[in-house]
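Working notes, beginning with the structure itself.
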Amino acid sequence: MKYLLVCCMALSLLVSPETSKEKKLLGVWKFENVAQTEHVSGNIFRNVTSGLKDEILITFQPDHTGIIKDVDLKTKASFTWELKSGHLAIIVEIQNSILQSLNGTFRMQFAGKKELKLVAPDGKVVTLSRPRS
Numbered sequence: 006m007k008y009l010l011v012c013c014m015a016l017s018l019l020v021s022p023e024t025s026k027e028k029k030l031l032g033v034w035k036f037e038n039v040a041q042t043e044h045v046s047g048n049i050f051r052n053v054t055s056g057l058k059d060e061i062l063i064t065f066q067p068d069h070t071g072i073i074k075d076v077d078l079k080t081k082a083s084f085t086w087e088l089k090s091g092h093l094a095i096i097v098e099i100q101n102s103i104l105q106s107l108n109g110t111f112r113m114q115f116a117g118k119k120e121l122k123l124v125a126p127d128g129k130v131v132t133l134s135r136p137r138s
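Residue numbers (my numbering): 6 to 138.
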């Protein structure tokens, strides 16, 4: 019984919440949109959502690098990422203003296996989805 308990404890250390989130993150995602609240004046705010006309695929690789690929324009850019204390940090060196919104630290919110929302401290939300096979 003690042996079984020790094995279960060791296994739980190997499958930490961080590892589980990383496994969910790995692979290809499709860039859907960026949503944020902008201050207009006084107490007036508006929600602004910006999407892309092109199909943008984002691949998170196990070595903590990634590739952003614009399928329509046939261009690629690379990035690095790190998962620490439940927060995803992405470093994107790309000039496209919408894709630059991926640069930063985010809280990850998974909606099943098909959707991922990256929430920045300023309230900006980047939505990614799994592309159809």
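Think of the CB as a built atom: it goes at the ideal place given N, C-alpha and C, for glycine as much as any other residue.
In this text, all values refer to a predicted model and were calculated from it rather than measured experimentally.
Step through the CB atoms of chain D and report whether any lies within less than 8 Å of the CB of A116.
Structure shown: chain D not included; a single protein chain is present.
With H, G and I counted as helix, E and B as strand and the rest as coil, what does DSSP make of S90?
Translated into the one-based positions of the sequence shown, residue 90 becomes position 85. Reduced to three states, the DSSP call for S90 is coil.
In this structure, how does DSSP classify Q66 when only helix, strand and coil are distinguished?
As a first step, residue 66 must be located in the sequence shown, where it is residue number 61. Coil at Q66, not helix or strand.
From S25 to A116, what does the alpha carbon distance come to, in whole angstroms?
Within the sequence shown, numbered from 1, the residue matching residue 25 stands at position 20. Within the sequence shown, numbered from 1, the residue matching residue 116 stands at position 111. Near 14 Å, if we compare the C-alpha coordinates of A116 and S25.
Compute the distance between the beta-carbons of V131 and L107, then report whether it is under 8 Å.
What you label residue 131 is simply residue 126 of the sequence shown in a count that begins at 1. What you label residue 107 is simply residue 102 of the sequence shown in a count that begins at 1. Against a cut-off of 8 Å, the Cβ pair of L107 and V131 comes out as a contact.
Local Cβ density within 10 Å of I96, reported as buried at 16 or more and exposed below that
Position 91 of the sequence shown, counted from the start, is the residue given in the question as residue 96. I96 comes out exposed.
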